[in-house]
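Presented below is the structure to which this report refers.
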Amino acid sequence: MDAPRKSKPCLSGVGLTKVFGLGRRTTVAVDHVDFEFREGEVISIVGESGSGKTTLAKMLLGLINPTEGEVYFQGQKRDISSHRKRQEYWKNIQAIFQDPFSAYNIFNKIDTVLLDCIHMRGGRGLPRAKKIELMTEACGFVNLKFEEMTNKYPFELSGGQMQRLMIARIFLLKPKILLADEPTSMIDACSRATILDYLMKLRDEVGMTLIFITHDIGLAYYVSDTVYIMEHGRFVESGTADRVILHPQEPYTKRLISDVPKIYEEWDLSTV
Ligand SMILES: Nc1ncnc2c1ncn2[C@@H]1O[C@H](COP(=O)(O)OP(=O)(O)O)[C@@H](O)[C@H]1O
Ligand SMILES: [Mg+2]
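Numbering that gives the first Met the number 0 applies: residue 0 is where the sequence shown begins, and numbers increase by one.
Encoded structure:
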């Protein structure tokens, strides 16, 4: 995949840090990380469990406050100090999480989930027929039938279907940035490849920056332009996927790679 190297910075962090707990019982989950993600880029953040990936994701989304450091969105210091500004920010950045079950309000039916997306994009006043057309298109994008979805609750779907519904939401929301935090780790291998394909298709369609969070360096190699390797809350190595994964410099990266004997074969989706 070609990295759009000269594109504009879209999300950056300077000295971003998160410390949990108080007194002597503190955990430095994210430790002074610096980065610059560019428009249209596919970025992977790779690290073992507990390395701080989800904590970083939550800070980027504005779900938790950094202890120290700043987030910049499109070159400006991010301001999500009011409810309205936060809502505005969330039009630009959206997420898909590891556990699709945790992502939905269990009292909302699927039509409501999708309608909310249309409303968030300013489509509240559209005629009902147009809304149905948009929802049908979004479901069609991930090969779900809207007629079969109406009046159902998300928990009535399988894990794979639920992640597809998440992608249908993103299709409607068209954010500038999509953060996918281990989106395929809780579903079966067969659905995994499908979800990845939809994500990449969605990224091409909407032209967004995709931030992929994973412990799977083989997957990172397959999907990304740029790779950041995270260990104990720090970025220990970063660069193009080819540079970092084919020519790693750091012992930690070398170890992660040696755990995956078949980087090239594992994510060859042409054989699925
Ligand atoms: N809400 C929290 N309170 C206290 N410690 C936390 C909290 N969330 C995460 N941590 C700790 O921060 C570290 C990084 O966790 P996390 O960001 O979930 O890592 P990853 O997503 O890479 O598995 C871990 O040591 C974890 O136990
Ligand atoms: Mg995590």
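Virtual Cβ for every residue (Gly too), placed ideally from N, Cα, C.
Is there at least one non-hydrogen atom of ligand 1 closer than 8 angstroms to the beta-carbon of residue i?
{"i": "G232", "result": "yes"}
{"i": "A179", "result": "no"}
{"i": "I42", "result": "no"}
{"i": "M229", "result": "yes"}
{"i": "E47", "result": "yes"}
{"i": "G20", "result": "yes"}
{"i": "T26", "result": "yes"}
{"i": "S50", "result": "yes"}
{"i": "V32", "result": "no"}
{"i": "V226", "result": "no"}
{"i": "V235", "result": "no"}
{"i": "V243", "result": "no"}
{"i": "V29", "result": "yes"}
Closer than 8 angstroms: is that where the CB of residue i sits relative to any heavy atom of ligand 2?
{"i": "T53", "result": "yes"}
{"i": "S11", "result": "no"}
{"i": "Q86", "result": "no"}
{"i": "A212", "result": "According to the sequence shown, residue 212 is Ile rather than Ala. Correct: I212 has its Cβ closer than 8 angstroms to ligand 2."}
{"i": "Q162", "result": "no"}
{"i": "Q97", "result": "yes"}
Considering residue i, what are the terminal residues of the beta strand (DSSP E) in which it resides?
{"i": "L10", "result": "8–19"}
{"i": "S43", "result": "41–45"}
{"i": "G149", "result": "In the sequence as presented, Gly is not what sits at residue 149; that position holds Thr. Element bounds for T149: n/a, residue is neither H nor E."}
{"i": "I233", "result": "The amino acid at residue 233 is misidentified as Ile; the sequence shows Arg. Segment 233–239, the beta strand (DSSP E) holding R233."}
{"i": "M229", "result": "225–230"}
{"i": "A95", "result": "This sequence places Ile at residue 95; Ala is not what is there. 92–95 is the span of the beta strand (DSSP E), which, as asked, contains I95."}
Residue i lies in the alpha helix (DSSP H); which residues open and close that run?
{"i": "F140", "result": "127–140"}
{"i": "T252", "result": "250–257"}
{"i": "F36", "result": "Not the alpha helix (DSSP H): F36 falls in the beta strand (DSSP E), residues 26–37."}
{"i": "I169", "result": "158–172"}
{"i": "H82", "result": "82–89"}
{"i": "T53", "result": "52–60"}
{"i": "I194", "result": "188–205"}
Where DSSP assigns a beta bridge to residue i, which residues make up the other side?
{"i": "R120", "result": "None, per the DSSP bridge assignment."}
{"i": "D180", "result": "I212"}
{"i": "K76", "result": "Y71"}
What does a CB cutoff of less than 8 angstroms around residue i pick up in its chain, not counting 5 residues either side in sequence?
{"i": "P3", "result": "For P3, the pLDDT reaches just 47, beneath the cut-off of 50, and the residue's location in the model is therefore unreliable, although a value from the coordinates is still provided. Once the five neighbours on either side are set aside, the close Cβ partners of P3 are R37, E38, G39, E40, D224."}
{"i": "G238", "result": "T225, V226"}
{"i": "I117", "result": "R123, L125, K130, L133, M134, L171"}
{"i": "R120", "result": "K90, L171, L172, K173"}
{"i": "N64", "result": "M58"}
{"i": "A179", "result": "A94, I95, L198, L209, I210, F211, I212"}
Taking 9 angstroms as the threshold (beta carbon to beta carbon), is residue i in contact with chain B?
{"i": "E236", "result": "You won't find chain B in this structure, because it holds only one protein chain."}
Spatial neighbours of residue i within its chain, please: C-beta separation below 7 angstroms, excluding the five flanking residues on both sides.
{"i": "D78", "result": "K84"}
{"i": "G46", "result": "K52, H214, I228, M229, E230"}
{"i": "D33", "result": "G12, V13, G14"}
{"i": "C138", "result": "K144, F145, M148, A167"}
{"i": "M207", "result": "P174, K175, I176, L177"}
Suppose the cutoff is 6 angstroms on Cβ atoms and the five residues either side in sequence are ignored; what does the same chain contact list for residue i look like?
{"i": "K7", "result": "E38"}
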